[in-house]
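Asker:
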Amino acid sequence: MPDYTEEHARAGIHAKLPALETWPNQFPGYIITTRFPEYSSVCPKTSLPDFGTITIQYMPKKDCIEL
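With our numbering applied, the sequence shown covers 1055 to 1121.
(1) If I follow the unbroken beta strand (DSSP E) through E1092, where does it start and stop?
(2) Which first and last residues belong to the beta strand (DSSP E) in which D1057 is found?
(3) In its own chain, which residues sit with a C-beta less than 8 Å from the C-beta of H1062, not counting the 5 before and 5 after it?
(4) Three or more C-beta pairs closer than 8 Å, one from the stretch 1108-1120 and one from the stretch 1065-1080: is that the case here?
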């Protein structure tokens, strides 16, 4: 297996991704929590499986974003 290189690290930087959907925050001062309980991938360096839970928390100011 080839070594993990800078080229691998930059591979997705210029990918065209869809725009994030946003809407006005009507009720400031609260925290939005989103959990993704079954994250899995393959390590590009060792080819071993990686898995876990991703939790994202944020307190929106002007706009909320769709995650």
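Note that beta-carbon positions come from the ideal geometry of N, C-alpha and C, so glycine has one too.
All values derive from a computational prediction rather than experimental measurement.
Answerer: Well, looking at it:
(1) I1086 to V1096
(2) Unbroken run through D1057: none, as it is neither H nor E.
(3) P1098
(4) yes
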